[in-house]
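Written below as structure tokens is the structure these notes are about.
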Amino acid sequence: MTIDDALPLIRALLPVLTALASLALVPIVRAWRGAQSEGSVNYPTSAVQVLLLATSAGAALSGAGFLSTLRIGQITIDPSEPGRLLVILGGAVFAVIVGAGEGRRAATMGQIALFGLAAIDLALAIPAGIAPIALLLFASLGISGAAASGKDDIGRARAVFRDLRTVSLLLPTVVIAEILRVAISYAAVDPSYATPASLAAGTALGVSLVVIVAAGVFPFHNRLIKIFEALPIVGSLLVGVWIPSALALIVMGELATLASSITDPLGGAIVPGILLAGAATLIFGAVSALLNDDIGEVVGYIAVGNAGWIAMAAAAALQSPTDTSSRLIVLPGLLTISLFGLWLVSVRRRYGTTSISELGGWARRTSANGIVLIAAIVALAALPPGAILEARLNLLILGGNPLIGLVAVAGQLLLIVAAIRLLLVGFTPQSQTVHEAETRPFANIITMSLIAGSLFVAAAAAGWLSLESGGTGQLPPAPSVSPAVSFEPEPSTNPTVGPSVEPTPIVTPSPEISPTATPSGDNGVSPTP
Amino acid sequence: MPELELPLVIAAILAGTLAVTSAGRGAWIAMVILVVTSSALEFAIAELDRIGLMLRLAAIGIGLAVAIPANLFERAGLRRDLALRRLVATLGEHPVVIASALAGLLLGLVPLALPIESSSDTLRAAGITLIVVGLPPLLTSRFIEATSRAAVVTLAGTLLLRTSIFGALDPLGSLAVAAGFACILIVGSGVASRISSAEEE
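So, in structure tokens, the structure goes:
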């Protein structure tokens with residue numbers, strides 16, 4: 004293998020290679036320096052944090068251009084802008100979370116985060132169809148299994164069991180949607196079939212169900228809550244938020260292609276149904292977050308509220324396939340929930356409790372945690388108003404139903420109120436638990452990275468950083484060749500100049516054309532302004 | 002090898018039915034037979050894809066090696082649990098599953114108002130039968146090992162149904178699904194052992 008062959012392989016599979024490298028690195032570091040902490044340094048955890056940051060930097064350098072496209076025989080791995088952006092941000096987010104979590108299994112959690120990010124990057128790099136969805140679903144199952152291991156806890160085991168059942172049911176749903184989709188082309192020429200609009204509705208329902216169930220949209224929210232209750236925060240975030248968000252990006256691409264392939268309005272009540280589910284999820288998540296007395300559950304219900312936006316985005320992708328608002332809100336949502344997760348793990352580690360009644364005065368005792376929660380609230384509110392808020396409003400306008408819009412706005416406001424309630428508890432008189440807890444000095448590397456990381460993530464989530472140019476990029480198109488009956492998508496109205504364009508000597512220095520008005524950075528991924 | 006299609010389909014259906022109705026050795030052996038026959042149907046009969054077949058069998062082999070109980074291959078136990086009379090009796094104890102399997106078989110053999118007229122009848126029948134047999138325990142069972150076996154049966158059926166229409170999976174899809182089979186088996190057995198040890202404590 005020459006260097007010219009190896010470079011695309013490294014660029015295309017960098018997150019996977021880093022995750023695999025961690026399997027060797029962590030035992031080596033453990034053998035060399037031991038698993039115990041020396042002062043504030045836990046060497047295996049630090050090694051994994053370095054790997055997470057390296058993955059992040061490596062993904063930014065590799066980018067999503069044709070230089071990072073790998074072809075092995077018939078297999079093409081074509082890293083996408085959204086996939087690389089998720090890795091860039093995910094590497095930084097999970098490095099901070101792993102640092103804040105400390106603990107005996109922090110290094111293992113970091114490895115789990117590396118594998119989760121690798122799965123997301125790979126899934127968003129392979130052509131749409133059953134493979135990326137199957138990869139993400141099974142990665143979710145594997146991650147929840149790995150995150151729950153190491154402790155004989157029935158709650159954790161049952162959460163994984165629920166995940167196993169869910170994943171096993173979702174894959175047949177995808178296959179049925181795939182079959183219905185093929186029938187659309189038959190329906191157009193043979194009147195004995197159902198109408199294209201009704202078959203498209205069935206396909207849309209099947210594909211949407213994957214994201215609705217995985218993201219925890221009402222009435223499938225229970226899985227998400229149990230995950231946040233039972234699994235460690237890295238596992239919860241990956242299984243409950245990051246992987247469903249990656250699935251949502253794939254599903255929205257599929258839905259947009261489907262909607263643009265039929266001329267009649269979509270049959271059934273699919274779009275209003277998904278919209279209604281989204282709005283109901285937002286209000287349900289918000290009210291439940293307000294009524295709960297456990298910060299783990301409150302964060303879980305805030306994640307449920309975020310799932311409501313994902314459902315509304317899926318409906319918008321069906322309503323208006325060319326509009327990028329639906330894809331724009333996915334990334335800020337997952338970053339916001341990650342910030343809440345970071346706050347949760349930090350508070351839980353410091354005070355050893357998740358009960359609000361025992362956490363009075365937490366923000367006065369540990370101001371760094373207060374800064375993290377304020378950053379999370381700013382991200383949740385998407386302040387100051389900018390691209391993210393505009394995209395959310397656009398989704399409500401696309402929905403076209405004022406009542407649903409009103410419910411969604413009320414739900415979002417109540418979510419913010421629920422988060423502010425957590426902050427206010429931090430300024431009440433200190434409880435016994437908070438008073439007796441050991442705290443570390445403010446000028447500490449973990450505290451400083453916690454604050455810096457949370458401010459960076461909040462800036463990205465609230466729209467201060469120009470993420471939309473990378474986050475709404477095209478995913479690799481569906482395969483055009485199928486062995487039997489073709490499952491190729493109908494022509495899309497989206498621009499499809501994608502990264503899989505063959506490089507030629509006369510190609511311009513920037514081979515990617517971003518579908519948004521804002522041009523991408525050098526590598527097609529631009530997390531900086 | 003089209004002449005092997007019918008025997009493999011019958012073996013897969015019987016093995017799938019036994020995998021969800023029996024317990025212990027009988028169920029595990031039935032599942033081994035099911036995954037081997039369904040993989041052969043997908044990658045050797047419907048379409049010759051040696052790499053896909055090897056990948057699937059290797060992944061499931063790893064999954065089974067981790068998940069299968071230690072005393073599975075005890076000779077006396079195997080002889081007792083795999084006796085024909087016992088297997089027939091097990092099937093007889095679950096008339097609803099047998100009726101579901103027959104209904105699935107009929108449903109699969111009748112072309113529906115979908116493009117599956119153009120598909121392979123026997124593969125489609127096997128796929129629908131396995132889905133119909135696997136789904137009820139997957140949805141309702143409270144036992145983790147039984148649920149993960151039902152998940153494997155349902156997934157195998159889904160893939161056979163898909164193969165009957167689209168042909169075998171592409172290489173990446175094949176890799177993802179093979180890993181998925183292994184994941185279901187390993188995570189299922191891990192969860193089962195964790196719950197039983199937590200309950201013992």
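Residue numbers (my numbering), protein chains in the order written: chain A, 4 to 532; chain B, 2 to 202. All C-beta atoms in this analysis are idealised placements derived from N, C-alpha and C, irrespective of residue type, glycine included. Everything numeric in this text was worked out from a predicted model, so none of it was measured.
- Task: Only counting runs of 4 or more residues, tell me where the alpha helix (DSSP H) segments fall wholly within the region 204-276 of chain A, in order along the chain.
- Result: DSSP runs (the alpha helix (DSSP H)) wholly in the region 204-276 of chain A: 225-233, 236-240, 246-264.
- Message: Contact criterion: CB-CB distance below 8 Å. Does D171 of chain B meet it with respect to chain A?
- Response: yes
- Task: Kindly indicate if chain B contains any beta-carbon less than 8 Å away from that of P508 of chain A.
- Result: The predicted model places P508 of chain A with a pLDDT of 34, which falls under 50 and marks its position as unreliable; any figure quoted below should be read in that light. Nearest CB-CB separation between P508 of chain A and chain B: not below the 8 Å threshold.
- So which residues of chain A does T148 of chain B contact, with C-beta pairs closer than 9 Å? The CB of T148 of chain B comes closer than 9 Å to the CB of F164, L167, R168, S171 in chain A, given here in chain order.
- Report yes or no: is there a C-beta of chain A within less than 8 Å of the C-beta of V192 of chain B? yes
- Message: For A191 of chain A and A272 of chain A, what's the separation of their Cα atoms in angstroms?
- Response: Looking at the backbone, the Cα of A191 of chain A and that of A272 of chain A are separated by about 21 Å.
- Query: Roughly how many whole angstroms lie between the Cα atoms of I359 of chain A and A385 of chain A?
  - Reply: 25 Å
- Proximity below 8 Å, CB of R330 of chain A to CB of L252 of chain A: Against a cut-off of 8 Å, the Cβ pair of L252 of chain A and R330 of chain A comes out as a contact.
- Hey, is G238 of chain A's beta-carbon within less than 8 Å of any beta-carbon in chain B? no
- Message: Please state the DSSP three-state secondary structure of R74 of chain A.
- Response: strand
- Taking any Cβ of chain A, which residues in the region 152-177 of chain B have a Cβ under 9 Å from it, in chain order? A152, V153, T155, L156, G158, T159, L160, L162, R163, T164, S165, I166, F167, G168, A169, L170, D171, P172, L173, G174, S175, L176, A177
- How many whole angstroms separate the CB atoms of I196 of chain B and G64 of chain B, which I take to be in contact at a CB cut-off of 8 Å? That belief does not hold up - the Cβ atoms of I196 of chain B and G64 of chain B are roughly 19 Å apart, past 8 Å.
- Message: For P112 of chain B, tell me which candidate among B:S165, B:R76, B:S198 has the shortest Cα-Cα distance.
- Response: B:S165
- Task: Using the Cα positions of R159 of chain A and R108 of chain A, report the straight-line distance between them to the nearest angstrom.
- Result: 15 Å
- Item | For T357 of chain A and S503 of chain A, the rounded distance between their alpha carbons | With a pLDDT of 38 at S503 of chain A, under the threshold of 50, the modelled position of this residue cannot be trusted, and the question is left open.
- Item | T496 of chain A in three-state terms, based on DSSP | Caution applies to T496 of chain A, whose pLDDT of 38 falls short of 50 and renders its modelled position unreliable; the value that the coordinates give is listed next. Coil.
- Message: For a cutoff of 8 Å on Cβ pairs, would you count A45 of chain B as touching chain A?
- Response: no
- In angstroms, rounded to a whole number, what distance separates the CA positions of I509 of chain A and L409 of chain A? The predicted model places I509 of chain A with a pLDDT of 32, which falls under 50 and marks its position as unreliable, so this point remains unresolved.
- Query: If we cut at 8 Å on Cβ distances, does R51 of chain B have a partner in chain A?
  - Reply: no
- Kindly list the residues whose CB is nearer than 8 Å to the CB of G2 of chain A, restricted to its own chain and excluding five residues on each side of it in sequence; keep chain order. Because residue 2 of chain A is not part of the residues shown, which for chain A are 4 to 532, the question remains open.
- Runs of alpha helix (DSSP H) wholly within the region 98-180 of chain B (minimum 4 residues, chain order): 122-141, 145-167
- Task: Say whether chain A places a C-beta atom closer than 8 Å to the C-beta of V134 of chain B.
- Result: no
- Step through the CB atoms of chain A and report whether any lies within less than 8 Å of the CB of L186 of chain B. no
- Message: For a test of the three-state rule: what should DSSP assign to S358 of chain A, helix, strand or coil?
- Response: strand
- Item | Endpoints, alpha helix (DSSP H) assigned at N397 of chain A | Counting along the chain, the alpha helix (DSSP H) containing N397 of chain A begins and ends at 390-402.
- Counting only the same chain and skipping the five closest in sequence on each side, list residues whose C-beta sits under 6 Å from that of F97 of chain A. L55, A116
- May I ask whether a heavy atom of the ligand COA can be found less than 7 Å away from the beta carbon of L54 of chain A? Within the structure as shown, the ligand COA is missing, as the structure has no ligands at all.
- Do A1 of chain B and V36 of chain B have their CB atoms nearer than 8 Å? The first residue shown for chain B is 2 and the last is 202, placing residue 1 of chain B beyond what the model contains.
- Count the other CB atoms within 10 Å of the CB of R163 of chain B; is the residue buried (16 or more) or exposed (fewer)? buried
- If you run the structure through DSSP and keep just helix, strand and coil, what is N45 of chain A? strand
- Message: What does the alpha-carbon distance come out to for the pair L120 of chain A and V90 of chain A?
- Response: L120 of chain A and V90 of chain A: Cα-Cα distance of roughly 6 Å.
- Item | Segments of 4+ residues assigned as alpha helix (DSSP H) that fall wholly inside the region 100-168 of chain A | Positions of the alpha helix (DSSP H) runs, each at least 4 residues long and wholly inside the region 100-168 of chain A, are given as 109-126, 133-151 in order along the chain.
- Cβ shell of Y46 of chain A (< 7 Å), same chain only, five flanking positions each side left out: V32, R36
- Span of the alpha helix (DSSP H) holding R51 of chain B? 51-68 is the extent of the alpha helix (DSSP H) around R51 of chain B.
- Message: What does the alpha-carbon distance come out to for the pair L241 of chain A and L347 of chain A?
- Response: 15 Å
- Item | Nonlocal neighbours in the same chain, by C-beta distance under 8 Å from Q52 of chain A, ignoring five residues either side | Same-chain partners within the cutoff: A98, V101, G102, G113.
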